[in-house]
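Below is one structure; the comments refer to it alone.
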Amino acid sequence: MKHKAWFLLVLCNLFWAGNMIFGGYTSSEFPPVWITFLRWIIALILLIPMAHIIEKPSWFRIWKKNWLLILMMAVTGIAIYNAMTYTSLQYTSPTNGSLINSLTPALIMLFSLIVLRERINGIQFIGLVASFLGVLIVLTKGDLMQVFFTHYNKGDGIMIFAILFWTAYSLISKRAKHLPSITLVTLTAVVGSVIMLPFLFFQPLHPEKITTLGIVGILYLGIFPSVFSFIFWSKGINSLGATIAGVSMNLIPIFTVVIALILGQQLILSQVIGGFIVIIGMLLTSMKRKQKTFKKMIPEFIE
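Shown next, in the form of structure tokens:
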């Protein structure tokens, strides 16, 4: 079951890496609010029949019993996180966005320890650090000191706030593990889309700027990172917990590099080494807790 969860998380983050690439393209043609809205409208065309056929939910009963939870997830994970991400990509590069996104697992771990009282063992903590180190090696091309000399702009600051809201979404979604995954994402997307409606008037759409690439980008965003990634993420959190699942997000910048390679960029040694370290870190993080080995070596809250 855990192997399946990890496989789904890998696919989830592969699609999210594409979200960074295509988000960068579409943000030059569509306002951020419109990208978010259109993305989820497209997703709902697939999600509603999928949920109805596969899970056969009682829509009204689920909404009535869980409306506050769904509303909170819609605000944090659908509306605010997506709108802020696409806004940031108007000012920063997908690479910088990936670097900042690599902070998400640490934030999820920190708030999971504080809010959900989840625990991780020493091996898992080392795995978290190793994954983060691997990401830095990839994004700095092996020169870790470049982290301190990279130019950070307004888009980077917006991305930092975006991942805070994604952290909140991840922790809240842990409380929804009793709900069917596809149904949960569908209801969350419906509420999120309704929330976005009034804001469309503040960022008018300019059809003359839209190209075929922009339309393809919107379609990709509406299908893969919206439908499949959110379903896979929900299943991963339910199986592994928010802290462990969060570590998989370190794959986003790795996959971003791979996609860039497919688009014609050259692969360098630091990217191979960094990607290998990220994978090792994920494997360490997925290991079960040893009761005695690390109990005396680490603080109780990381036990």
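Residues -13 to 289 in my numbering are what the sequence shown spells out, letter by letter.
Just so it is clear, CB atoms sit at the ideal spot from N, CA and C, and this is done for glycine as well.
Fair warning: this is a prediction, and the values are worked out from it, not measured in the lab.
- Of all alpha-carbon atoms in 18, 165, 31, the one lying nearest the alpha-carbon of residue 45 is that of 165.
- Taking the Cα positions, residue 24 is about 19 Å away from residue 170.
- Taking a contact to require three or more Cβ pairs closer than 8 Å, the stretch 142 to 152 and the stretch 10 to 27 do not qualify as touching.
- Linking residue 242 to residue 95 through their CA atoms gives a straight-line distance of about 23 Å.
- A contact between stretches requires three or more CB pairs, one per stretch, nearer than 8 Å, and the stretch -10 to -3 fails this requirement with the stretch 151 to 159.
- Under the 8 Å Cβ criterion, the stretch 120 to 134 does not count as touching the stretch 172 to 189, having fewer than three qualifying pairs.
- Assignment of residue 106 by DSSP, reduced to helix, strand and coil, places it in the coil class.
- If the five residues before and after residue 40 are omitted, its C-beta is found closer than 7 Å to the C-beta atoms of 168, all from its own chain and listed in chain order.
- For residue 208, the number of other beta carbons within 10 angstroms of its own is at least 16, and it is reported as buried.
- Looking at the backbone, the Cα of residue 56 and that of residue 174 are separated by about 6 Å.
- When the five nearest sequence neighbours on each side are left out, the beta carbons in the same chain lying within less than 8 Å of the beta carbon of residue 11 are those of 199, 200, 203, in order along the chain.
- Residue burial annotation: residue 219 is buried, with at least 16 other C-beta atoms found within 10 angstroms of its C-beta.
- The continuous alpha helix (DSSP H) containing residue -12 extends over residues -12 to 12.
- Residue 246 places its beta carbon 8 Å or farther from that of residue 98.
- With fewer than 16 other Cβ atoms inside 10 Å of its own Cβ, residue 53 counts as exposed.
- When secondary structure is reduced to three states using DSSP, residue 196 falls in the coil class, being assigned neither helix nor strand.
- DSSP places residue 179 in the uninterrupted alpha helix (DSSP H) bounded by 167 to 182.
- A Cβ-Cβ contact shorter than 8 Å links residue 260 with residue 120.
- Between the alpha carbons of residue 86 and residue 216 lies a gap of roughly 20 Å.
- The Cβ atoms of residue 81 and residue 9 lie no closer than 8 Å to each other.
- Each residue's CA atom was taken as its position, placing residue 104 and residue 250 some 42 Å apart.
- Judged by beta-carbon spacing, residue 68 lies beyond the 8 Å limit of residue 234, meaning their Cβ atoms are not closer than that value.
- From the listed residues 33, 236, 223, 73, the smallest Cα separation to residue 147 is found for 73.
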